[in-house]
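Reading through the structure tokens given below for one structure.
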């Protein structure tokens with residue numbers, strides 16, 4: 009399990025910055041591709057891009073019918089491969105405490121069928137759901153491997169061994185990750201929309217993510233800078249969105265990510 013030390017290091021370190029004009033140009037190019045072939049439209053504001061270029065994270069609460077969507081993003085000088093590995097290294101990363109996961113039969117990295125259950129404190133019942141996780145291979149290919157999107161949405165599949173009879177089935181849960189080369193580094197963004205149901209207030213999950221998304225993104229950035237020492241020979245392969253394995257960072261002639 010990753011230690012909380014990295015989060016402290018990330019919070020204490022001087023944030024990396026980039027040229028605003030370069031960041032805007034790259035983001036505009038990816039936005040056009042995402043508009044045509046993506047799932048989630050970010051519609052960045054000038055103020056958000058200024059914060060990102062200055063090394064600050066941004067967050068946004070989008071007002072929607074039913075419940076709102078929480079979005080957060082950060083720019084880092086780390087390269088896209090170690091950043092993606094930091095996000096996808098499920099065996100060593102714990103982004104949500106109290107989360108139980110079970111892959112369903114037929115699940116692959118390209119099309120993951122995943123049961124999840126989160127333990128809630130008394131007097132709330134645990135919450136559980138089944139999601140379909142997919143990579144946007146069209147966006148990956150059209151961007152030349154420089155803009156990646158991985159999203160999830162609820163599906164009605166049932167039958168996981170970890171299901172609990174008394175847990176409440178969540179009725180709204182969708183979101184995703186986007187990472188893209190931008191401004192000489194990597195832009196990483198996360199968005200989610202969830203209704204926990206039952207006696208939990210409708211906007212409780214949105215408020216939770218709005219409070220925690222900045223810390224989560226900083227932790228991922230810090231984790232990505234540890235990848236040259238962690239993602240080495242013997243590590244189970246982490247895959248690109250198209251299903252090909254990312255070479256370990258001790259492979260010959262492979263550049264390490266730029267240090268913050």
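Residue numbers (this note's numbering): 9 to 268. Just so you know, even glycine gets a beta-carbon here, dropped at the ideal spot from N, CA and C.
Inset, instruction - Take residue 170 as the anchor and find which of 200, 155, 124, 90 has the nearest alpha-carbon. - result: Residue mapping note: residue 170 aligns to position 162 of the chain shown, counting from 1. Of the residues 200, 155, 124, 90, the one whose Cα lies closest to the Cα of residue 170 is 124.
Inset, instruction - Would you kindly check if the distance between the Cβ of residue 79 and the Cβ of residue 155 is under 8 Å? - result: On the chain shown, residue 155 is found 147 positions in, with the first residue counted as 1. On the chain shown, residue 79 is found 71 positions in, with the first residue counted as 1. Not closer than 8 Å, so no.
Inset, instruction - Helix, strand or coil for residue 93, going by three-state DSSP, please let me know. - result: Residue mapping note: residue 93 aligns to position 85 of the chain shown, counting from 1. The answer is helix: DSSP assigns residue 93 an H, G or I state.
Inset, instruction - For residue 162, name the three-state secondary structure that DSSP assigns. - result: The residue labelled residue 162 in the question sits at position 154 within the chain shown. In this structure, residue 162 counts as strand in the three-state DSSP scheme.
Inset, instruction - Identify which residue in 218, 192, 178 has its Cα closest to the Cα of residue 206. - result: As a working mapping, residue 206 is identified with position 198 in the chain shown. Ranking the options by Cα distance to residue 206, first place goes to 178.
Inset, instruction - Check whether the Cβ atoms of residue 229 and residue 86 sit closer than 8 Å, and answer yes or no. - result: Stepping through the chain shown from its first residue, residue 229 is reached at position 221. Stepping through the chain shown from its first residue, residue 86 is reached at position 78. Going by C-beta atoms, residue 229 is nearer than 8 Å to residue 86.
Legend entry - Straight-line gap, residue 173 to residue 134 (C-alpha atoms, nearest Å): Here residue 173 refers to the residue found at position 165 of the chain shown. Here residue 134 refers to the residue found at position 126 of the chain shown. Distance between the alpha carbons of residue 173 and residue 134 is about 10 Å.
Inset, instruction - Starting from residue 222, trace the alpha helix (DSSP H) both ways and give me its first and last residue. - result: Here residue 222 refers to the residue found at position 214 of the chain shown. Counting along the chain, the alpha helix (DSSP H) containing residue 222 begins and ends at 212–232.
Inset, instruction - Classify residue 116 as buried or exposed, calling it buried when 16 or more other Cβ atoms lie within 10 Å of its own Cβ. - result: Taking the chain shown and counting its residues from 1, one reaches residue 116 at position 108. It counts as exposed.
Legend entry - Which of helix, strand or coil DSSP assigns to residue 121: Locating residue 121 in the chain shown gives position 113, counting from the first residue. Strand.
Inset, instruction - Could you pull out every residue in the same chain whose Cβ sits closer than 6 Å to the Cβ of residue 245, ignoring the five residues on either side in sequence? - result: Stepping through the chain shown from its first residue, residue 245 is reached at position 237. Taking C-beta separations shorter than 6 Å and ignoring five residues to either side along the sequence, the partners of residue 245 in its chain run 253, following chain order.
Inset, instruction - Taking 8 Å as the cut-off, decide whether the C-beta atoms of residue 147 and residue 112 are in contact. - result: Position 139 of the chain shown, counting from 1, holds the residue named residue 147. Position 104 of the chain shown, counting from 1, holds the residue named residue 112. No.
Legend entry - alpha helix (DSSP H) segment containing residue 32, residue limits: Within the chain shown, the letter at position 24 stands for residue 32. 28–45 is the span of the alpha helix (DSSP H), which, as asked, contains residue 32.
Inset, instruction - List the DSSP bridge partners of residue 79. - result: Within the chain shown, the letter at position 71 stands for residue 79. Paired residues: 68, 199.
Legend entry - Straight-line Cα distance separating residue 140 from residue 167: The residue labelled residue 167 in the question sits at position 159 within the chain shown. The residue labelled residue 140 in the question sits at position 132 within the chain shown. When rounded, the distance between both Cα atoms is 14 Å.
Legend entry - Three-state secondary structure assigned by DSSP to residue 55: Counting from one through the chain shown, the residue named residue 55 turns up at place 47. DSSP places residue 55 in helix when its eight states are reduced to three.
Legend entry - Cα-Cα separation, residue 82 to residue 201: Along the chain shown, one-based indexing puts residue 82 at 74. Along the chain shown, one-based indexing puts residue 201 at 193. When rounded, the distance between both Cα atoms is 19 Å.
Legend entry - Alpha-carbon spacing of residue 152 relative to residue 38, whole angstroms: Translated into the one-based positions of the chain shown, residue 152 becomes position 144. Translated into the one-based positions of the chain shown, residue 38 becomes position 30. Distance between the alpha carbons of residue 152 and residue 38 is about 11 Å.
Legend entry - Continuous beta strand (DSSP E) stretch holding residue 142: start and end: The residue labelled residue 142 in the question sits at position 134 within the chain shown. Start and end: 135–143.
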